[in-house]
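> One structure coming up, written as structure tokens, with questions to follow.
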Amino acid sequence: MKILIVEDDTTVANYIHKGFQDSGHSADVANDGKQGLDLASSKNYDVIVLDRMLPFVDGITLLNTIRANGDQTPAVILSAKNKVEDRVKGLRSGADDYMTKPFAFEELLARVEVVASRQSASKTALTSIELGDLKLDLINRQVSRGGQLIDLQSKEFKLLEYLLKNKGKIVTRTMLLEKVWEYNFDPQTNVIDVHISRLRNKIDKGFDYPIIETIRGSGYLVTDPNQA
């Protein structure tokens, strides 16, 4: 990992820097908030470890600034300010974790590794689902088939997303009520039938093959036509 340490106490900064180096990581040190903001804005880091009380630019302002600029680099605040309201303010400013001084380096390292792994996982999170010529864009909440955009209502999108994420498995009505409607409807309701019918009219009608198959007495199934 590459870590940015923003700490005006040189003894603490050197201690943290050595600890990260001994653990096989690289780190840059900024001894005031302005320098820290400049480095955070000009270089790529896996994690930022910063104090709250810094010269020129305080830690909260630094975090607010980089978050406003779209920088979501994980940040761990390391501060002597240990009241509940201090920790809450730090977390609400965009910090991923908050540690108070004095501290053990082993705990700081563990927390840094955890927030870094969360960020890594989020970067590889699913952003789209494709099935044959059907594509769901999970970021922009758009659906297309054969390159043709299809307008789905929010619940229709959620229903299709759940079916596609369970591709190759029979999805029961109970599963749909739990996961898509969150038990908000009586199990005897025809709301699922209505939405499945509407969804089929939009994503199946006029195309070469149906996406949604009804398994009588069981539920619904979608399969990849390319693997049939």
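Residue numbers for the sequence shown, in the working numbering: 3 to 230. The C-beta atom is built at its ideal place from N, Cα and C for all residues, glycine as well.
1. Could you check the C-alpha separation between Ile155 and Pro212 for me, to the nearest Å?
2. By a C-beta neighbour count over all protein chains shown, 10 Å radius and 16 as the cutoff for buried, is Pro57 buried or exposed?
3. Could you give the distance in angstroms between the alpha-carbon of Arg175 and the alpha-carbon of Phe159?
4. Does the Cβ of Ser199 have 16 or more other Cβ atoms within 10 Å, making it buried, or fewer, making it exposed?
5. Using the rule of at least 16 other Cβ atoms within 10 Å of the residue's Cβ for burial, across every protein chain shown, is Val182 buried or exposed?
6. Is it the case that the Cβ atoms of Asp98 and Ser81 are separated by a distance below 7 angstroms?
7. Counting beta carbon pairs with one atom in the segment 92–109 and one in the segment 64–77, are three or more of them shorter than 8 angstroms?
8. Could you say if the segment 130–138 and the segment 205–220 meet the contact criterion of at least three C-beta pairs nearer than 8 angstroms?
9. Does DSSP put Val8 in a helix, in a strand, or in coil?
10. Three Cβ pairs or more, each shorter than 8 angstroms: is that satisfied between the segment 37–55 and the segment 109–121?
11. Just mark Met101 as buried or exposed, buried being the case when its beta carbon has 16 or more other beta carbons within 10 Å.
12. Measure the alpha-carbon distance for Gln121 versus Leu6 and round it to whole angstroms.
13. Would you kindly work out how many angstroms separate the C-alpha atoms of Lys171 and Val224, rounded to a whole number?
14. Helix, strand or coil, according to DSSP, for Ala77 in the structure here?
15. Quick check on DSSP: helix, strand or coil for Glu109?
The relevant details are as follows:
1. Looking at the sequence itself, residue 155 is Gln, so the reference to Ile does not match. Distance between the alpha carbons of Gln155 and Pro212: 20 angstroms.
2. exposed
3. 17 angstroms
4. Classification of Ser199: exposed, given that the 10 Å Cβ count is below 16.
5. Buried is the label assigned to Val182, since at least 16 other Cβ atoms lie within 10 Å of its Cβ.
6. no
7. yes
8. yes
9. strand
10. yes
11. buried
12. Rounded to whole angstroms, the separation of the alpha carbons of Leu6 and Gln121 is 16 angstroms.
13. 7 angstroms
14. strand
15. helix
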